[in-house]
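*Asks:*
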Amino acid sequence: MQSHRSSFVIDGLPEEIWQLWFPGLPVIEMDDVRIEIMHFGDADNEGLVRHCHYRVPRYLLSGGRAQSWELVTDVVPNVSYRYRAITRPPFAYAEGEQRLEPLGDGRTRVHFAETYSVANPVLRVLFERRLHQFISRDNDTVIKAAIERGLQQLRAAQQ
0 MQSHRSSFVI
10 DGLPEEIWQL
20 WFPGLPVIEM
30 DDVRIEIMHF
40 GDADNEGLVR
50 HCHYRVPRYL
60 LSGGRAQSWE
70 LVTDVVPNVS
80 YRYRAITRPP
90 FAYAEGEQRL
100 EPLGDGRTRV
110 HFAETYSVAN
120 PVLRVLFERR
130 LHQFISRDND
140 TVIKAAIERG
150 LQQLRAAQQ
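So that you can map any letter, position 147 of the sequence shown is 146 in numbering that gives the first Met the number 0, and since no number is skipped, the others follow by simple counting.
Here it is as structure tokens:
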């Protein structure tokens, strides 16, 4: 099993960031990631199901693309949520959490954690570490940049 944890500070309120995470849109595209909302869940997004498409190494023979199906659970609005996912290729399990920590002065620390485990024991030994490093290599900068870009767009639309 592989794991990745990170945190970074954003100039924005938890409520603003939450609005970006759960905008109520059926499709979200950013850079080379596409997220399709298959089921929106309840009013707090508990039970939301998303189908994600993202880049993976070409040695997986999938054209450099993979997919995950993620179930959002344990939602505390404007604070945190967890997700559980299955992915392919290769078939794997992932669990993660995103949490918002208000710092005052309009700033928020965003915490991200994920575990990843390839289901097939042979493929786990051969690929899991390299694959997870590839997938999570830019997570910190990509997530931070997406939030900052989203906040700029959100604030521009409010003016």
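C-beta atoms are modelled at their ideal positions from N, C-alpha and C, and glycine is treated no differently.
1. When DSSP labels each residue in this structure, what does Asp-139 get in the three-state scheme?
2. Classify Gly-149 as helix, strand or coil using the three-state DSSP reduction.
3. Could you compute how far the alpha carbon of Phe-126 sits from the alpha carbon of Asp-10?
4. Can you name, in chain order, every residue of its own chain whose Cβ lies under 8 Å from the Cβ of Arg-129, other than the five neighbours on each side?
5. List the endpoints of the continuous alpha helix (DSSP H) containing Gln-18.
6. Count the other CB atoms within 10 Å of the CB of Leu-24; is the residue buried (16 or more) or exposed (fewer)?
7. Along the chain, where does the beta strand (DSSP E) containing Leu-60 start, and where does it finish?
8. I'd like to know whether the C-beta atoms of Glu-94 and Arg-106 end up nearer to each other than 8 Å.
9. Determine contact between the segment 69 to 84 and the segment 42 to 52, defined as no fewer than three beta-carbon pairs at a distance below 8 Å.
10. I need the boundaries of the beta strand (DSSP E) containing Gln-97, first residue and last residue.
11. Tell me whether Leu-99 is buried or exposed, calling it buried when 16 or more other Cβ atoms sit within 10 Å of its Cβ.
*Replies:* With the structure as the only source:
1. Residue 139 sits at position 140 when you count from the first residue of the sequence shown. In the three-state DSSP reduction, Asp-139 falls in the helix class (H, G or I).
2. Here residue 149 refers to the residue found at position 150 of the sequence shown. Looking at Gly-149 - three-state DSSP - the assignment turns out to be helix.
3. For the purposes of this step, residue 126 is identified with residue 127 of the sequence shown, where counting begins at 1. For the purposes of this step, residue 10 is identified with residue 11 of the sequence shown, where counting begins at 1. Across the structure, Phe-126 and Asp-10 are spaced so that their CA atoms are roughly 37 Å apart.
4. Indexing the sequence shown from 1 puts residue 129 at position 130. Here the set comprises Pro-56.
5. On the sequence shown, position 19 is the one that residue 18 refers to. Boundaries of the alpha helix (DSSP H) around Gln-18: 13 to 20.
6. Here residue 24 corresponds to residue number 25 of the sequence shown, with the count starting at 1. Burial call: exposed.
7. On the sequence shown, position 61 is the one that residue 60 refers to. Unbroken run through Leu-60: none, as it is neither H nor E.
8. The sequence position of residue 94 within the sequence shown is 95, counting from 1. The sequence position of residue 106 within the sequence shown is 107, counting from 1. It is not a contact, given that the beta carbons lie outside the stated cut-off.
9. Taking 8 Å as the limit for Cβ pairs, the verdict is that the segment 42 to 52 does touch the segment 69 to 84.
10. Working through the sequence shown from its first residue, we reach residue 97 at position 98. Looking at the DSSP string, the run of the beta strand (DSSP E) that includes Gln-97 is 91 to 103.
11. Counted from its first residue, the sequence shown places residue 99 at position 100. Buried, because 16 or more other Cβ atoms sit within 10 Å of the Cβ of Leu-99.
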